[in-house]
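What follows is a single structure, written as structure tokens, with notes after it.
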Amino acid sequence: MHRQRPPLHPRAQHRAGPAAKHVAAAHIPARGGGGRLPPSAGPPLGLGGLPFESVELELLDGSLIALFTNSPIESGDRGAGADVGSDAGADADTDVGFARLSRVLTGSSSTSSLEQICDNVLEALLPGGVPTDDVAVLLARTQGMDASQVAIWDLPADPAVVAQARQMATDQLAAWGLEEASFVTELVVSELVTNAIRHAVAPIQLRLIHESSLICEVSDASITAPHLRRARVFDEGGRGLLLVAQFTQRWGTRHTPHGKTIWAEQPLPTSC
Numbered sequence: 074m075h076r077q078r079p080p081l082h083p084r085a086q087h088r089a090g091p092a093a094k095h096v097a098a099a100h101i102p103a104r105g106g107g108g109r110l111p112p113s114a115g116p117p118l119g120l121g122g123l124p125f126e127s128v129e130l131e132l133l134d135g136s137l138i139a140l141f142t143n144s145p146i147e148s149g150d151r152g153a154g155a156d157v158g159s160d161a162g163a164d165a166d167t168d169v170g171f172a173r174l175s176r177v178l179t180g181s182s183s184t185s186s187l188e189q190i191c192d193n194v195l196e197a198l199l200p201g202g203v204p205t206d207d208v209a210v211l212l213a214r215t216q217g218m219d220a221s222q223v224a225i226w227d228l229p230a231d232p233a234v235v236a237q238a239r240q241m242a243t244d245q246l247a248a249w250g251l252e253e254a255s256f257v258t259e260l261v262v263s264e265l266v267t268n269a270i271r272h273a274v275a276p277i278q279l280r281l282i283h284e285s286s287l288i289c290e291v292s293d294a295s296i297t298a299p300h301l302r303r304a305r306v307f308d309e310g311g312r313g314l315l316l317v318a319q320f321t322q323r324w325g326t327r328h329t330p331h332g333k334t335i336w337a338e339q340p341l342p343t344s345c
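Next comes the structure, spelled out in structure tokens:
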């Protein structure tokens, strides 16, 4: 069993998210510059039935990410030489709009609120104020954490390790002054680690994150996501994930190039 602490909070420097086919997002690093993120590989939203792949990025603390629909970056004025009905004309529109968007984001102060930056983007890209199509702009800014707020353990695929995982988690909660969260956290750790050992593939990793909430994550090399099911009265198993869903604020699964991560989030104790 190996325990490690990352030099920086993993979610501050490393981001993973689903990739749905759409306009490439904009990335403005904290140190300046910027450009388009890698194009989306997944199907468009709304098709249903098709899996979404994750795109992983290394981002500096304070970086700005902009997600948007086509409308904000499609210029209303085409160049004189562009064919209105051609792909080249559409591409030119998108390039011009993206350049405008990048200038607004790059010129934004690091202390500006995301709401104000959104207003600036819409004012610059939609000067008439009346869009011809749906408009959505979503901004996110990375914010780092101290390494002491994250604990990571690599676990063997051995059922005997479940009790040790619970103990390590409660010891970490005590170090953070979150003893009141021990009961729910032990239940979550026990269920998620047990599921990973029984149904998944090594390597298995347990992670606790002490942020504005308490997050427990278990990663493994399997791509099969768990599902809630209703256990019958005399069933000996099948209730663990349901209990996790009942006792935590939210839970979910995200897929990665190396498998999946199941996470559960609970609010911090009121005394904290």
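Heads up: the sequence shown runs through residues 74 to 345, numbered per the working numbering.
Ideal placement from N, C-alpha and C gives every residue a C-beta, glycine not left out.
(message) For a quick check, are the C-beta atoms of Ala220 and Met241 less than 9 Å apart?
(response) no
(message) By the three-class DSSP mapping on this structure, what secondary structure does Ala213 have?
(response) strand
(request) List the endpoints of the continuous beta strand (DSSP E) containing Val208. (result) Unbroken run through Val208: none, as it is neither H nor E.
(request) Would you grab the beta carbon distance between Thr184 and Gly135 for me? Rounded to a whole angstrom, and I think it's under 8 Å. (result) No, Thr184 and Gly135 are not in contact; Cβ-Cβ is about 11 Å, not under 8 Å.
(request) Select from Thr179, Gly180 and Asp207 the residue whose C-alpha is nearest the C-alpha of Phe141. (result) Asp207
(request) Would you check if the distance between the CB atom of Glu264 and the CB atom of Gly217 is smaller than 9 Å? (result) no
(message) Please report the straight-line C-alpha distance between Glu253 and Ser182, rounded to a whole angstrom.
(response) 40 Å
(request) Indicate whether Ile346 and Pro229 have their beta-carbon atoms separated by less than 9 Å. (result) What is shown of the chain runs 74 to 345, which leaves residue 346 out entirely.
(request) Quick one: residues in its chain with C-beta nearer than 6 Å to the C-beta of Ala337, no 5 flanking neighbours on either side, listed in chain order? (result) Val261, Cys289, Val317, Thr321 and Trp324
(message) Quick check on Asp134: does DSSP put it in helix, strand or coil?
(response) coil
(message) Mapping the DSSP letters down to three states, classify Gln278 as helix, strand or coil.
(response) strand
(message) Tell me the DSSP secondary structure of Gly170 in three-state form.
(response) helix
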